[in-house]
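S.K.: Below you will find the structure I want to go over with you.
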Amino acid sequence: MSRNLFKAKQYATSKVYRSRPSELKGPEEEKPNVPQGIMTKCPDCGNIIYTKLLMKNYKMCECGYYFRVSANERLVMILDEDTFEEIDQHLTTRDPLDFPGYGDKLVKTQNMTGLVDGLVTGKGLISGTLIYIGVMDASFFMGSMGTAIGEKLARMFEKAAEELLPVIVFTASGGARMQEGIFSLMQMAKVSAAVAKHSAAGQLYITVLTDPTTGGVTASFAMLGDIILAEPGALIGFAGPRVIEQTIGQKLPEGFQRAEFLLDHGFVDKIVTRDNMKDTLAVLLRLHQT
Amino acid sequence: MDLTPWEKVKLARMPIRPTGLDYIELIFRGFVELHGDRLYSEDRAIVGGIAFFDDIPVTIIAQQKGRNTKENISRNFSMPHPEGYRKALRLMKQAEKFHRPVICFIDTPGAFCGIGAEERGQGEAIATNLAEMMMLRTPIISVVISEGGSGGALALGVADKVYMLEHAIYSILSPEGFASILYKDSTKAEAAANDMKLTAQDLYRFGVIDNIIPEPVGGAHNDFEYVTGKVKEAISADLKELMSFSLDEMLERRYQKFRNI
């Protein structure tokens, strides 16, 4: 039965992004279902920012706060204009546990976000270098990984191994998709296997950990990059801070499980600000060209 | 004996239920325990070592619950830290070098959640095991003997053959944790256990595991020799089959097994 887990198995090519970061469209233009005002308030410093300006500035507040970005916004920030070709666009889960209420919630979330699941995968150029790229979107079930995300990642790594291309993955996930139970757990093994296959083919894999990256995603492909980058301040860990506090019965120290904490403990290669991310990736890719 | 999922959860956690070391004692001969990850420390939540299975030297890795409170504290209730997973990987690489099959016994509520575990990279340790076990060039058999909790269990569960005892459970999270996340109420664990499909019978039906080891009425502790006899039979048959494949063929089968879930 596991062979027929997915509704759509066709590859699809579409969604060409035409805007540059400086002309990024606000979400109110792309997704009419997600209304957003002209002004946006920074939850950290309280500053009121003109939304269009925020987009121009890679959704970073002057105070250093990083707003979460959607998968589509991320692709526009990272890829060369007009170069993205999405794969497995329509791949979705078949709700393998037949979990009460999950099917309805999926449809609702799909309609609300305009996404099919919490990950977009495809091929594109970064400063002229052809790569496969996967970007998670925390607005879809907290970016949690179920069978759809696992299958899309496995397919992408297998294609990249075959075509001898690098892979870049931006993680943003609360962990495993609870509603798909043991199948979600097994995606950790499946994706790690595909990463290992890609690695055995001698190809570069870079992960970029963004806020938040936790649970089963941290304990699988997020931590398997040849090079692991992170955005400043991103929450990165295995267990969530609330669970740890409950387990050990004490308050966690300031900065615990933030990107800087992981850098200090040797689990992240480099922290890169959002406005420098594309250039950093471009240099790393060039350094791996033979 | 038809038990409800929740009854199985409770049975799987009973202190009287046999632990990893009990299996090692009855199934293998000449067990030599090996300690430490060579990086940080020795994690007593995971026992590792070498022994004979019939006449074949094998590497054994077992998550170890305590048989009483005192031992449970020293075993951290079988919730490993990163160093436990790194010790397991060290011993698996050693097994690969000496062409020994690896037999894992899974019994954990989950990987430990704590400050030290995060500081030393719990996520990285589990992730590395998943990827390395997939490529390990020697046969791996994993047996979920009681509780298989989340990534902490899977980190010993990427195997050519995965068995579960008839009343063991294997799940994404404890039913209590699951209920607290999805139903916002940890007391709804029984309902969660039903919805999660965490029994050996469910997982066999899904194709996630390969074999169910039968238990006597009342559970494994009621006739442990019967249970270990059945485990031994299964390992014996599967090792024979696995060793008949070329290593490349075996690895391709291992890959496809997980790839198709």
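Heads up: the sequence lines are chains L and C, in that order. Take 2 as the starting number for the first sequence in our numbering and just add one per residue. Take 2 as the starting number for the second sequence in our numbering and just add one per residue. Every residue, glycine too, gets a C-beta built ideally from N, C-alpha and C. The structure presented is a predicted model; accordingly, all values stated were derived computationally and were not measured.
#1: L:Pro36 to L:Phe85, Cα distance in whole Å?
#2: If the cut is a Cβ gap below 9 Å, which residues of chain B does C:Tyr171 touch?
#3: Taking Cβ positions only, does L:Gly238 come closer than 8 Å to chain C?
#4: What are the boundary residues of the beta strand (DSSP E) that C:Val144 is part of?
#5: With distances taken from CA atoms, which of L:Pro97, L:Ala220, L:Ser140, L:Gly129 is nearest L:Met113?
#6: Would you tell me roughly how many angstroms separate the C-alpha atoms of C:Thr5 and L:Glu74, rounded to the nearest one?
#7: I'd like to know whether the C-beta of L:Thr248 is nearer than 8 Å to at least one C-beta of chain C.
#8: Just grab the DSSP bridge partners of C:Ala160 for me.
#9: Using only alpha-carbon positions, find the residue among L:Thr93, L:Gln251, L:Arg259 that is nearest to L:Gly238.
#10: What does the alpha-carbon distance come out to for the pair L:Leu131 and L:Gln251?
#11: What residue range is occupied by the uninterrupted beta strand (DSSP E) comprising C:Asn17?
#12: Can you check whether the CB of C:Thr200 is closer than 8 Å to the CB of C:Gly153?
#13: L:Ala231 versus chain C: which residues are under 8 Å apart at the beta carbon?
#14: Distance check for L:Asp138 and C:Glu48, CA to CA, integer angstroms please.
#15: Does the beta carbon of C:Cys114 sit closer than 8 Å to a beta carbon anywhere in chain L?
#16: Looking at the strands, I want to know which residues DSSP matches up with C:Glu34.
#17: How would you list, in chain order, the residues of chain C whose beta-carbon sits under 7 Å from the beta-carbon of L:Phe268?
#18: Quick one: is C:Lys233 near chain L, going by C-beta distance under 8 Å?
#19: Compute the beta-carbon to beta-carbon distance between C:Lys88 and C:Arg76, rounded to the nearest angstrom, for a pair I have assumed lies under 8 Å.
#20: Note down, in chain order, every chain C residue with its Cβ under 7 Å from the Cβ of L:Thr219.
#21: If you drop the 5 nearest sequence neighbours on each side, which residues of the same chain put their C-beta closer than 6 Å to that of L:Phe68?
#22: Tell me whether L:Glu86 sits in a helix, a strand or coil according to DSSP, three-state version.
#23: For L:Asp83, count neighbouring C-beta atoms within 10 Å of its own C-beta (all shown protein chains included) and say buried if the count is 16 or more, exposed if not.
#24: Assuming C:Pro140 and C:Leu35 form a contact by the criterion Cβ under 8 Å, report the distance between their Cβ atoms to the nearest whole angstrom.
#25: Below 8 Å between beta carbons: does that hold for L:Ala149 and L:Leu92?
#26: Check distances from the C-beta atoms of the segment 147-160 of chain C to those of chain L and list, in chain order, the residues that come in under 7 Å.
#27: Going straight from the alpha carbon of C:Ala46 to that of C:Gly149, what length do you get?
#28: Does the separation of the CB atoms of C:Met165 and C:Leu204 fall below 8 Å?
#29: Within this structure, are the beta carbons of C:Thr129 and C:Met93 separated by less than 8 Å?
#30: Answer with yes or no whether the minimum CB distance from L:Ser193 to chain C is below 8 Å.
#31: Sort C:Leu22, C:Glu119, C:Arg101, C:Arg39 by Cα distance to C:Asp55 and report the nearest one.
#32: What residues in the segment 88-103 of chain L have a beta carbon less than 8 Å from any beta carbon of chain C?
#33: Check each residue of the segment 126-143 of chain C: if its Cβ is closer than 7 Å to any Cβ of chain L, include it; give the result in chain order.
#34: Restricting to Cα atoms, I'd like to know which of L:Gln290, L:Met56, L:Ala155, L:Thr214 is closest to L:Phe171.
#35: On the three-state DSSP scale, how would you describe L:Gly27?
M.R.: Well, looking at it:
#1: A caution first: L:Pro36 carries a pLDDT of 47, below 50, which makes its placement in the model unreliable, though a value can still be read off. Distance between the alpha carbons of L:Pro36 and L:Phe85: 26 Å.
#2: Of the protein chains in the structure, L and C, none is chain B.
#3: yes
#4: 141-150
#5: L:Ser140
#6: 47 Å
#7: yes
#8: Answer is none; C:Ala160 lacks a bridge partner.
#9: Comparing Cα positions, the closest option is L:Arg259.
#10: The C-alpha of L:Gln251 is placed about 48 Å away from the C-alpha of L:Leu131.
#11: Strictly speaking, residue 17 of chain C in this sequence is Ile, with Asn absent from that position. It is not in any beta strand (DSSP E) - C:Ile17 carries neither H nor E in the DSSP assignment.
#12: no
#13: What L:Ala231 touches in chain C: nothing, since even the nearest Cβ is about 13 Å away.
#14: According to the sequence provided, residue 48 of chain C is Val. The question's Glu does not apply to it. For C:Val48 and L:Asp138, the distance between alpha carbons rounds to 39 Å.
#15: C:Cys114 counts as touching chain L.
#16: C:Gly50
#17: In chain order: Gly122, Glu125.
#18: Not one chain L Cβ lies under 8 Å of C:Lys233.
#19: About 14 Å separates the two Cβ atoms, so there is no contact after all.
#20: Gly124
#21: Lys60
#22: Strand.
#23: exposed
#24: Not a contact, Cβ separation roughly 19 Å.
#25: Remark: C-beta atoms of L:Ala149 and L:Leu92 approach each other more closely than 8 Å.
#26: Ser151, Gly152, Leu155, Val159
#27: Spanning the two alpha carbons is a distance of roughly 14 Å.
#28: Against a cut-off of 8 Å, the Cβ pair of C:Leu204 and C:Met165 comes out as a contact.
#29: no
#30: yes
#31: C:Arg101
#32: Pro97, Leu98, Phe100, Pro101
#33: Ile127, Ala128, Leu131, Ala132, Met135, Met136
#34: L:Thr214
#35: Since pLDDT at L:Gly27 reaches only 44, below the 50 mark, its modelled position is unreliable, and the value read off the structure follows with that caveat. Looking at L:Gly27 - three-state DSSP - the assignment turns out to be coil, as it is neither helix nor strand.
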